[in-house]
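Below: one structure, written as structure tokens.
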Amino acid sequence: MPRLLLLIALCLPLPRLALGHEFWIEPEKYQVETGTPLIADLVIGQGFEGSPQMFFDTRIDRFELHKSGKVAPYVGRMGDIPALETTLEDPGLLVIVHQTQPSTLKYHEWPKFQAFVDEKGFGDVLSRHLARGLPKDGFYESYTRYAKALIAVGDGSGADLVTGMEVELIAGANPYTDDLSKGLPVQLLYQDEPLTQTQITIFERAPTGGVHIKTLHTDDMGQAQIPTRPGHTYLLDAVVLRPAPDDSKVVWDTHWAALTFFVPDR
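Under mature numbering (1 follows the signal peptide of the UniProt record, and there is no 0), read the sequence shown as residues -20 to -1, 1 to 246, first letter to last.
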């Protein structure tokens, strides 16, 4: 990308599609051999379809590769699409972690915020909003994304792990090596504690490209059993909505957890 265009892009806000929609890590392949390129996009979209985003270090808080008990920060090149390209020489389960810097958006009318609230299962937010003396239009939200992807390198052996992000989905089994006939167990953590009775949205992409969407809720341990099918790719999404500090122009903070993985044919 020419330097002038890159500088212009850095000054632009995130695309409108980012306001209230999912962010995830989309590898070119979820299973790669050792010594071969591993390529992945950072994607913003809806319904497990979206647009790859450029690598901008000013928008990144954490970008890490976790494997075999080791962690390596990933440093890309400004403006790169795909945002990640590397080669790994040792086999195992790779956990890619990406945390964005907080961004803000302005809601000009209540129905758009209400549609987001309904989609993510937050319940009666309007009464909470009005009880705080907040306006129904012209208010701000801050949002931060916490994305993970599970990729098999070589034999893909290993396990997901807790990385300490504000909100995080953790796989309780390895989708590349373990028996998922009863689904994939996951746990949702918020500030390192189980997040109970919280909606998880499941996006299931078939080999033909069609996407099926369903929701379920975590139990009293913050756990859920995700139904899976061989040959399908999955995006799990969960969002925390909380009041922002009173000394900020922002009135709501949202924290988005995402986990992507593939279930191979056995």
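A virtual CB, placed ideally from N, CA and C, is assigned to each residue, including glycine.
query: Buried or exposed for R185, going by 16 or more other Cβ atoms inside 10 Å?; result: buried
query: Exposed or buried, which one is D217 when buried takes at least 16 other CB atoms within 10 Å?; result: buried
query: Classify L239: buried if its beta carbon has 16 or more other beta carbons within 10 angstroms, exposed otherwise.; result: buried
query: Where DSSP assigns a beta bridge to Q203, which residues make up the other side?; result: Q167
query: Are the stretch 60 to 78 and the stretch 98 to 116 in contact at 8 Å, needing three or more beta carbon pairs?; result: no
query: F28 by DSSP, collapsed to three states: which one?; result: coil
query: If contact is defined by three or more beta carbon pairs under 8 Å, each pair taking one atom from either stretch, is the stretch 148 to 162 in contact with the stretch 63 to 70?; result: no
query: Note down the Cα distance separating G15 from L149, rounded to an integer number of angstroms.; result: 28 Å
query: In three-state terms, what does DSSP make of K92?; result: helix
query: Please classify residue 277 as buried or exposed, where buried requires at least 16 neighbouring CB atoms within 10 angstroms.; result: This structure does not reach residue 277, given that the chain is present from -20 up to 246, and the question cannot be answered.
query: Determine, using beta carbons only, whether H23 and L68 come nearer to each other than 8 Å.; result: Checking the sequence shown, residue 23 turns out to be Val, not His. No, Cβ-Cβ distance for V23 and L68 is not below 8 Å.
query: Is R39 helix, strand or coil when you go by DSSP?; result: helix
query: Quick one, which of H1, Q11, F3 has its alpha-carbon nearest L130's?; result: Q11
query: Using beta-carbon positions only, say whether L168 and T198 come within less than 8 Å of one another.; result: yes
query: Alpha carbons only, please: which of V220, P17, S228, R246 is nearest the one belonging to P174?; result: V220
query: Grab me the residues of F93's own chain with a C-beta within less than 6 Å of its C-beta, minus the 5 sequence neighbours each way, in chain order.; result: Y87
query: Thinking just about the alpha-carbon of each residue, which of W90, S107, D140, G103 is nearest to the one in G118?; result: W90
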